[in-house]
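Each residue of the sequence shown is one higher than the last, beginning at 8 in the UniProt record's numbering. Where is the CB? At the ideal position from N, CA and C, for every residue including glycine.
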Amino acid sequence: FSPEEVTVLFFLGGPGSGKGTQSANLVKDYGFVHLSAGDLLRAEQLREGSQYGQMIKTYITEGKIVPMEVTVNLLSNAMRDSLDANPRPPLDQAVFFEETVCPSELVLFLDCPEDVMEARLLKRGETSGRDDDNAESIRKRFRTFVETSMPVVDDFEAKGKVVKVQATGSVEDVYAEVKKGIEERGV
Ligand code: UP5
Ligand code: MG
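See the structure below:
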């Protein structure tokens, strides 16, 4: 596919800030397709015959970023599949994606303090079965976010692409802000 055929939005935000939840809202109201790098990695981890399964599990449990070639390849394939079906990260990964796959229109940054995110993730951990919804992995995920993902947000910010949304309120409140951001930018 060519970049002119698609409109890409990136959701960035700390672990548990609500990226998945707010993406689901946009899918419902705007017909976007949601591709979560984390979900794609978890699916690849479980795929029989994957050469990356054990490596992905280790990175996820340690709260570290999987080598970007693996993730961007999964994203690119999933985009192609989803375009066939219906006609997020570190600085380098986001830039790599924009250069090799497609530039983003807008970056929605869900701004949320760690104590709020931690409470959400620990609550989800009671039932999620995820290898990383435990206190230790969460702490590591936060560190990775601060060290490798916040610089990406800052970089997009400098390019004037970022709409910052306060992500501490209810799902409905946050979504109202997300919609406002998108509509103000005329996406
Ligand atoms: N919740 C959401 N919004 C709420 C609100 N406003 N009020 C109250 N509760 C709210 O939400 C998390 C929880 O909070 C849910 O229970 C939700 O109901 C509640 P969710 O929407 O899932 O938040 P999200 O930001 O998507 O959090 P997630 O846990 O998915 O964040 P991560 O960024 O840690 O997880 P992800 O799946 O993206 O990545 C997991 C791992 O995969 C990474 O640590 C890394 O090891 C690997 N990875 C890569 O290597 N590269 C990548 O590019 C991406 C991931
Ligand atoms: Mg998510």
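| Beta-carbon proximity check, residue 210 vs L42, cutoff 8 Å | It is not possible to answer for residue 210, since the shown part of the chain is limited to 8 through 194.
| Just to confirm, does K147 get its C-beta within under 7 Å of one of the non-hydrogen atoms of ligand 2? | It does not: the Cβ of K147 is nowhere closer than 7 Å to a heavy atom of ligand 2.
| task | Compare the C-alpha of L19 against each of T175, M124, V114 and R127 and name the closest. | result | V114
| request: Please state if the CB of A142 and the CB of L82 are separated by a distance shorter than 8 Å. | output: Between L82 and A142, the gap from beta carbon to beta carbon reaches 8 Å or more.
| said: For the alpha helix (DSSP H) containing F163, name the first residue and the last one. | reply: Its alpha helix (DSSP H) spans residues M157 to A165.
| said: Once DSSP output is grouped into helix, strand and coil, what is the label at Q29? | reply: Reduced to three states, the DSSP call for Q29 is helix.
| query | Per DSSP, what kind of secondary structure is P96 in: helix, strand or coil? | reply | Residue placement at P96 is flagged as unreliable, the pLDDT there being 43, under the threshold of 50; the coordinate-derived value follows with that caveat. It is coil, neither helix nor strand.
| query | For A92, which residues from the same chain have a beta carbon less than 6 Å from its beta carbon, with the 5 sequence-adjacent residues on both sides left out? | reply | none
| task | Note down, in chain order, each residue of its chain lying with its Cβ closer than 6 Å to the Cβ of V40, except the 5 sequence neighbours on either side. | result | Here the set comprises S89.
| What residue range is occupied by the uninterrupted alpha helix (DSSP H) comprising F149? | A142 to T151
| query | Taking Cβ positions, are A174 and C119 nearer each other than 8 Å? | reply | For A174 and C119, yes; Cβs fall inside 8 Å.
| message | Can you look up G132 in the DSSP assignment and give me helix, strand or coil? | response | It is helical.
| query | Three-state secondary structure (DSSP) at residue 198? | reply | As displayed, the chain neither begins before 8 nor continues past 194, which places residue 198 out of reach and without an answer.
| request: Give a single yes or no on whether K130 has its beta carbon closer than 7 Å to a heavy atom of ligand 4. | output: Ligand 4 is not part of the structure shown, which contains ligand 1 and ligand 2 as its ligands.
| query | Less than 7 Å between the CB of S135 and some heavy atom of ligand 2, yes or no? | reply | no
| message | Could you tell me the alpha carbon to alpha carbon distance between P97 and P10, rounded to whole angstroms? | response | Note that P97 scores a pLDDT of 45, beneath 50, so its modelled location is shaky and nothing firm can be said.
| query | Taking all protein chains shown into account, do 16 or more other C-beta atoms lie within 10 angstroms of the C-beta of A101, making it buried, or fewer, making it exposed? | reply | Taking a 10 Å sphere around the C-beta of A101, we find 16 or more other C-beta atoms and assign the residue as buried.
| said: Do L48 and I72 count as a contact pair if the criterion is CB distance below 8 Å? | reply: no
| request: Please determine if the region 125-144 and the region 187-194 are in contact, where contact requires at least 3 C-beta pairs separated by less than 8 Å. | output: no
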